[in-house]
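Report on the following structure.
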Amino acid sequence: MIEFTEEQKKAVADAQEKFTDLKDKVETLSDDQLNLLFGEARSMNGWLDKDVSDDTLNQIYALTKMGPTSTNCCPARFIFIKSTEQKQLIKEALLPNNVDKCMSAPVIAVIGYDLDFSDHMGKLFPHMDVAPMYKGNSEMNTSTAFRNSSLQGAYMMMVARAIGLDCGPMSGFNNLLVDEIFFKDTNIKSNFLCCLGYGDPSKIFMRLPRFEFDEVCKII
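Okay, so the sequence shown: first residue is -13 according to my numbering, each after it adds one.
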């Protein structure tokens, strides 16, 4: 049984009220909005020459951070590469077929995961001491960091699409080299990359097949 302080009880009540108010106002997204996020959204291979501002990147993170993670562990660490100098550094870590699409993107996001995330659990999960659960189990610590940073990277993509940007996620790169370049002397490891910007429609590839519900899903 969790013992909340009076301040925490008030925060719980406030959160419940805000959630109820929101659901009273908005029940679902429109078909067009769902298509913007999923149905007609595409992974981009080319980009328009249009800048993504620092304010926009701050807006993306401000919403991304609200997505759920296990025990609110928030292990993802983001590096948004905009400068030509830094793009040249990551270029050597890319597979050849990913070079052009990355170098032409306004932003290359490196999504990493911090294996020391449990150091921050006192701030992120203050009502219960869960840090020892991770610190005492290396396998659980690593899988939790990787899994939840993957979630946070996906949240970032959905936020970017929701505010009008396009995404080009990829895992075709040398993780060890990226870690050496961007996360040296830390306990942060790279998960995946995602180009951000305004996609060039002329570079969109045909829609590839997806599995149907009955092929990969069960209701039991």
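Don't be surprised by glycine CBs; every beta carbon is placed ideally from N, CA and C. Predicted model only: the values in this text are computed from it and were never measured.
What are the residues that DSSP puts in a beta bridge with residue i?
i: V93; result: L182
i: A148; result: DSSP, once it has assigned bridges, lists no residue as partnering A148.
i: S129; result: Its beta-bridge partners do not exist; DSSP assigns none.
i: D200; result: Note: D200 sits in no beta bridge, so no partner.
i: F159; result: L80
i: D100; result: I174
Compare the Cα-Cα distances from residue i to each of the options and report the closest residue.
i: I174; options: T55, P61 and K(-5); result: P61
i: C88; options: I76, G98 and Y99; result: I76
i: V38; options: A146, L163 and F191; result: A146
i: N177; options: S188, N160, P187 and P195; result: N160
i: V93; options: F197, F111 and T70; result: T70
i: A27; options: I205, I149, F199 and L179; result: I149
i: I67; options: D40, F111 and L49; result: D40
i: V164; options: L80, D152 and L43; result: L80
i: S29; options: V(-2), S188 and F197; result: S188
i: G53; options: K4, M156 and A140; result: A140
i: L151; options: Q74, M119, G185 and F(-10); result: G185
May I ask you to report which of helix, strand or coil DSSP gives residue i?
i: A79; result: coil
i: S176; result: strand
i: G53; result: coil
i: S16; result: coil
i: I167; result: helix
i: F64; result: strand
i: G154; result: strand
i: G108; result: helix
i: S29; result: strand
i: F191; result: coil
i: C88; result: helix
According to the Cβ coordinates, are residue i and residue j closer than 9 Å?
i: H113; j: I(-12); result: yes
i: I46; j: L162; result: no
i: I97; j: M142; result: yes
i: L23; j: L15; result: yes
i: G154; j: N58; result: no
i: N127; j: S104; result: yes
Could you tell me whether the Cβ of residue i comes closer than 9 Å to any Cβ of chain B?
i: I206; result: Of the protein chains in the structure, only one exists, and it is not chain B.
Problem - Stretch pair the segment 124 to 140 + the segment 51 to 65: three plus CB contacts closer than 8 Å - result: The segment 124 to 140 vs the segment 51 to 65: in contact.
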